[in-house]
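For what it's worth, the working numbering labels the leading residue of the sequence shown as 1332, then goes sequentially. Step one of this worksheet: look at the structure below.
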Amino acid sequence: ARRAEMEAQIKAMPMGMMTMVGTSGTVLSGGESQRVTIARSVIGSPRIMMFDEATNWLDNESQAKVMQNLNALTSTRIVIAHRLSTLEQADRIYVLQAGRVVQSGSFSELMEADGVFRELVRRQIA
1332 ARRAEMEAQI KAMPMGMMTM VGTSGTVLSG GESQRVTIAR SVIGSPRIMM FDEATNWLDN
1392 ESQAKVMQNL NALTSTRIVI AHRLSTLEQA DRIYVLQAGR VVQSGSFSEL MEADGVFREL
1452 VRRQIA
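In structure tokens form, the structure reads like this:
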């Protein structure tokens, strides 16, 4: 719950961690649902984790906190994201275009290079 930034929401639920959620329980927002999924995924300290648009329902501040917490894990993480700020701390980024890898490198390397990644980041910032 801590890594997914869900502690306060869980404490506010009627039965805390034991509260039923979903269609037959407490209804969660899209962002809350994503954070619950993230919290569940880190239980047991998996060696490899895959996140496909795992923070797209979170606001920028929550997303940054969750990613910072996940970056503290020692597991290998494969992250698929359109919100490119999600990838700032990634060791390696692969940029796909029409199903092919057109660039790879760290966030800073890709920002220095003239290419698709830098253009996409500039569009998201604008």
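For each residue, glycine too, the CB sits at the ideal point set by N, CA and C. Predicted, not measured: the structure shown is a model, and the values here were computed from it.
Please list, in chain order, all residues of the same chain as V1432 whose beta carbon is under 6 Å from its beta carbon, the five residues on each side excluded. Y1425
Between R1408 and A1370, is the Cβ-Cβ spacing less than 8 Å? no
Beta strand (DSSP E) containing R1408: first to last residue? T1407 to I1411
Can you tell me the Cα-Cα spacing of L1389 and S1364, whole angstroms? 10 Å
Run the CB neighbour count on V1397, radius 10 Å, all protein chains shown included, and call it buried at 16 or more, exposed below. buried
In or out: T1331 buried (at least 16 other Cβ within 10 Å) or exposed? Past the edges of the chain, shown from 1332 to 1457, lies residue 1331, and the structure says nothing about it.
Could you tell me the alpha carbon to alpha carbon distance between G1353 and G1446, rounded to whole angstroms? 42 Å
Same chain only: Cβ atoms within 8 Å of D1422, ignoring 5 sequence neighbours per side: S1437
Can you tell which of S1372, M1348, T1386 and M1346 has the C-alpha that lies nearest to the C-alpha of I1411? T1386
Drop a sphere of 10 angstroms on the beta-carbon of T1417, count the other beta-carbons inside from all chains shown, and report buried for 16 or more, exposed for fewer. buried
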